[in-house]
Amino acid sequence: GCNPLAETGRSKLQNQRAVLNQQILRAVRMRAGAENLLRATTNNKVREQVLLELSFVNSDLQILKEELEGLNISVEVYQNTEETFTIPLVPLGLKETKEVDFTLPLKDFILEHYSEDSSEYEDEIADLMDLRQACRTPSRDEAGIEMLISYFLQLGFVENRFFPPTRHMGVLFTWYDSFTGVPVCQQNLLLEKASIVFNIGALYTQIGTRCNRQTQTGLENAVDAFQRAAGVLSYLKETFTHTPSYDMSPAMLNVLVKMMLAQAQECVFEQIGLPGIRNEFFTLVKMTQEVAKVGEVYMLVNTAMNQEPVKENIPYSWSKLARIKSDHYKALAHYFIVQSGDDEDQQEKALSQLYDYMPEGLMVLTVLKDKLQRKQLGKAHLRKAIVYHEEALRVCGLCKKLRNIDVLQKVLTAAHKRSLLKYAQQETEDDFLSLIQAPDVLSKTEHKIEAIAPQFSKVKVKDFFHRLGPLTVFSAKQRWTAPRTIRIHHGAEGPGFSLKGGCPVQIYCLDPVCSAAKMGLKEGDYIVSVGGVDCKWLGVKEVLEKFKSMGEQPIEFGVISCQDTVASMLSKSATYSVGMQKTYSLICLAMEEDKNDQAKKAPLKLPFLSWGTKNRQKAASTLCLPSAVAGSSHFKKKLSPFALLSTESSLY
1 GCNPLAETGR
11 SKLQNQRAVL
21 NQQILRAVRM
31 RAGAENLLRA
41 TTNNKVREQV
51 LLELSFVNSD
61 LQILKEELEG
71 LNISVEVYQN
81 TEETFTIPLV
91 PLGLKETKEV
101 DFTLPLKDFI
111 LEHYSEDSSE
121 YEDEIADLMD
131 LRQACRTPSR
141 DEAGIEMLIS
151 YFLQLGFVEN
161 RFFPPTRHMG
171 VLFTWYDSFT
181 GVPVCQQNLL
191 LEKASIVFNI
201 GALYTQIGTR
211 CNRQTQTGLE
221 NAVDAFQRAA
231 GVLSYLKETF
241 THTPSYDMSP
251 AMLNVLVKMM
261 LAQAQECVFE
271 QIGLPGIRNE
281 FFTLVKMTQE
291 VAKVGEVYML
301 VNTAMNQEPV
311 KENIPYSWSK
321 LARIKSDHYK
331 ALAHYFIVQS
341 GDDEDQQEKA
351 LSQLYDYMPE
361 GLMVLTVLKD
371 KLQRKQLGKA
381 HLRKAIVYHE
391 EALRVCGLCK
401 KLRNIDVLQK
411 VLTAAHKRSL
421 LKYAQQETED
431 DFLSLIQAPD
441 VLSKTEHKIE
451 AIAPQFSKVK
461 VKDFFHRLGP
471 LTVFSAKQRW
481 TAPRTIRIHH
491 GAEGPGFSLK
501 GGCPVQIYCL
511 DPVCSAAKMG
521 LKEGDYIVSV
531 GGVDCKWLGV
541 KEVLEKFKSM
551 GEQPIEFGVI
561 SCQDTVASML
571 SKSATYSVGM
581 QKTYSLICLA
591 MEEDKNDQAK
601 KAPLKLPFLS
611 WGTKNRQKAA
621 STLCLPSAVA
631 GSSHFKKKLS
641 PFALLSTESS
651 LY
C-alpha cells in the first residue's frame, strides 16, 4: 500500500475522514448514554439537564455530518492534475477500519483444530495482517486494485480454514460508514469481505476521476473504470445481503451504480466531442441525442437520490450536482440543434427521429423548407437552453459546497453566455408573435454503457496457510483427531491396506487383523506424514515412493481420523452499532424480532451478511469426502474459496 504518512491530497482527506469517524463515534456514545439516562430517571431536574445535553450532542453530530459531507464533495483532489475545463466527476471515499490482530485467535485454532505447532505459522499470520494493513492505503492504480482483490481472495481461504459456522472466533471487525461515519462492529468475516469489495469499487471511481479527460486514451480509461466500479458495486448488492451499514444497503448501492454509469455516459459524450464538433446537420443531430442521453441518465440519478431511505444519508451536494448536470446537458442538447443546413430530403428523416412530437401547426418538411419557421423553432430551442442553463446556475448557487468549486462555476457560466450570445445573433423580430414551444429532444446513444462484472479469478493468489493441507480436507467445517503414529514392519503378507485418492492419500481395503490395524489404523484414515516428513500434498505415487525409500527399516507414518462434520450455524450474526438509532442492521433486527412470536416454527434464517445459496451444506465440498479409488475425478476437484458463489444460488 501507499505510505500512510505521505502528505498527498488524497491521504489528507482519508486522515480527516478517520478523525471525523472517531469524533462521530464519541458523540454517538454520548447520545446513547444520555438517552438511557433520560429513560431511567424520574427526576425532573435531571431530565431537563439531560435534554439540554442531548440538544448539544445532536447539534455536534449534525456539524460532524456536514463536515463528512464536505469530504465527500471534495472532488477537486481526485481530479487529474492537468488544467481542465470540464465538470468534475464524483469519486467514492474508501471505508475506514480499525486494526485487527489475528495472531492469538488463529494460533489457538491451529493448535486446537489442526493439532499443529502454531508457532510455525507466525510468519503466515504476519503476512495476512500486513496485507490487511496495506489495504487501508491502496495506491490509486491497477496495483492497488490487485492488492485489494488479493486480500479478498485470501479472506476466502481464511474463512474456510479458521471460521467454523458453529461459533465465533473472537475477532472483531470494525468498519465505518462512508457517508454517516457510524461504525459497525461484527465478529462476522463477511462484514470484512463486503467492506473490501466496497473499497474495490470506490478505488475504481477514484481511478476514473484521475484520468486525463483531455485525451482519447484518458477518456477511454475513465469510461472503463466507472463501468468496472458499477460492476463491483452491483456484485456487492447481489452477493452480500442484509449488510448492516447504510453505504452498503441495497437501496444505496443501487443509486451508486446509477451514478457511476451516468459518469461513464458523460465521459462517452466528452470522448465523441473531443476532436471537435463540425457544424454539419447530421453531426449536430447525433451530438444532440448523445448529450440528451447524458441529461436523461443524470435526471434518473437525481430522482433516485431523492427517494427514501437514500435521501437521508446521501450527501446533499451529490444530489444537487446530479440535478445541475441534468439541466446543463439538457441545455446543450437544445443548443446543438440550433443550426442550418441543406439537403432537406435527407434531413427530414433525421429530424423526425429527433422529436417525439412537433409543435402544433408545424411539419418536419415544412420547417426544413421554410427558413422563417426554422428560425422560430431555433429560437425556441435557444430559449429553452437558456432556461436550463439559468436553472443549473440557480441550483449551484443554492449549495454552498458547490459554489466553492471554481471550475464548475466557470463551465456553467461559459455555457450560459454562449447560448445568450447565440440568441442575440438571431435577426431581430417580434418575439411576441412567436408562440412556438421547443419540443423535447429524444435521447439516443450509439455507445451502450453497461456495468462490467468483476473478474476476481484473474488475480492469482497462493493460500498463506497452504502448509495446513488441501482445503477440501483441512477446513474449519471438518474436525479431526490428533495425528497418530503407525509403525509397521516389512513382511511377506504385505502392509494389509491399500491407498487411494489424491492429496492427501486415504486408507482403504484395510485388513482388520493386520499389524497396522492392531496399532490403531482405521479405514478411511488420511496419511499426513511419512518418516516425520509432511505429505499432505503428496499423491499415492509419491507416498509409495517414500515407503520404498525406507528400505528394510520399519515404516512410520502419521494418520488422522475424521471425527465429525460441523453443521452450519443458521443464527444471526451479532451486530453492534454503538447506540446509533435506526441503523440498517437494527431495523432488520427489529423486523425479525416482531416476527418471532408468529413464526416460531419457521426455519431459521441466514445471517445478515450471507452468501446467497439454496443449500449451504450441499455447497460445502468438505461434506463430501472421497470414497472412490485413485484417479477419481470427484476427488481431484479442488475447493475454491468461493465455491458457495453458485450461479444457481438464490438470494436470501
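Mind the numbering: the sequence shown is residues 1 to 652 in the UniProt record's numbering, read in order.
Glycine included, each C-beta is placed from N, C-alpha and C at the ideal position.
For Arg-17, which three-state DSSP category applies?
helix
What would DSSP say about Pro-183, mapped onto helix, strand or coil?
strand
Please name the residue, chosen from Pro-495, Ala-517, Gln-265 and Phe-474, that lies closest to Phe-162 on a Cα-to-Cα basis.
Phe-474
Classify Met-252: buried if its beta carbon has 16 or more other beta carbons within 10 angstroms, exposed otherwise.
buried
Nearest-angstrom beta carbon gap, Ile-449 and Ala-261 [assumed within contact, 8 Å]
Residue 261 is actually Leu in this sequence, not Ala. With 8 Å as the limit, Leu-261 and Ile-449 qualify as a contact, their Cβ atoms being about 5 Å apart.
Just list the residues that DSSP pairs Val-530 with in beta bridges.
Val-533 and Phe-557
What are the residues that DSSP puts in a beta bridge with Ile-507?
Leu-499
Measure the beta-carbon distance from Val-559 to Leu-499 and round it to whole angstroms, keeping in mind my assumption that it falls under 8 Å.
Between Leu-499 and Val-559 the Cβ distance is about 11 Å, and since that is not below 8 Å, they are no contact.
Trp-480 to His-168 span [Cα, whole Å]:
19 Å
Leaving aside the five residues before and after Leu-256 along the sequence, list all residues of the same chain whose C-beta is less than 6 Å from its C-beta, in chain order.
Leu-233
Residue burial classification, Asp-406 (beta-carbon count within 10 angstroms, cutoff 16):
exposed
In the DSSP assignment, what are the bridge partners of Phe-226?
Answer is none; Phe-226 lacks a bridge partner.
Under 7 Å Cβ to Cβ from Val-171, same chain only, skipping five residues before and after it: list those, please.
Val-100, Phe-102, Pro-105 and Gln-187
Rounded to whole angstroms, what's the CA-CA distance from Asp-141 to Ile-207? Just pull it up for me.
6 Å
Residues near Leu-68 in its chain [Cβ-Cβ closer than 6 Å; skip 5 each side]:
Leu-20 and Gly-181
Got a sec, what are the start and stop residues for the beta strand (DSSP E) Tyr-176 sits in?
173 to 176
Please name the residue in Thr-41, Asn-302 and Ala-392 whose C-alpha comes closest to that of Leu-408.
Ala-392
Residue from Thr-41, Asn-302 and Val-184 whose Cα sits closest to the Cα of Gln-263
Asn-302
Between Glu-53 and Ile-63, what straight-line distance do the alpha-carbon atoms span, to the nearest angstrom?
16 Å
DSSP state of Ile-488, grouped into three classes?
strand
Take Tyr-516 and list the residues in its own chain whose beta-carbon comes closer than 8 Å to its own, dropping the five residues that flank it on each side.
As written in the sequence, residue 516 is Ala, which differs from the Tyr given in the question. Excluding sequence neighbours, Ala-516 sits near Ile-486, Ile-488, Pro-495, Gly-496, Phe-497 and Leu-510.
Buried or exposed by the 16-neighbour rule on C-beta atoms within 10 Å, applied to Thr-205:
buried
Considering only their Cβ atoms, is the gap separating Ala-415 from Ala-331 smaller than 8 Å?
yes
Rounded to the nearest angstrom, what separates Gly-397 and Ala-222 at their Cα positions?
28 Å
Where Thr-241 sits in the DSSP three-state scheme:
strand
Following the continuous alpha helix (DSSP H) through Glu-418, name the residue where it begins and the one where it ends.
Going by the sequence as given, residue 418 is Arg instead of Glu. Its alpha helix (DSSP H) spans residues 406 to 425.
So, for Val-459: in the same chain, excluding its five sequence neighbours on each side, which residues have a beta-carbon less than 7 Å away from its beta-carbon?
Glu-146, Ile-149, Ser-150 and Leu-153
The alpha helix (DSSP H) spanning Arg-132 covers which residue range?
122 to 134
Determine the closest residue to Leu-245 out of Trp-175, Phe-464 and Gln-289, with distance taken between C-alpha atoms.
In the sequence as presented, Leu is not what sits at residue 245; that position holds Ser. Ranking Trp-175, Phe-464 and Gln-289 by Cα distance to Ser-245 puts Trp-175 first.
Sequence-distant residues of its chain with Cβ nearer than 6 Å to His-328 (five each side left out):
Ala-392
So for Thr-41, helix, strand or coil by DSSP?
coil
Spatial distance of Cys-267 from Gln-289 (CA atoms):
15 Å
Straight-line CA distance for His-389 to Gln-437?
17 Å
If you draw a straight line from the alpha carbon of Pro-315 to that of Pro-250, how long is it in whole angstroms?
17 Å
Quick one, which of Glu-116, Glu-446 and Thr-472 has its alpha-carbon nearest Lys-293's?
Glu-446
Tell me which residue opens and which closes the alpha helix (DSSP H) that Phe-157 is part of.
142 to 162
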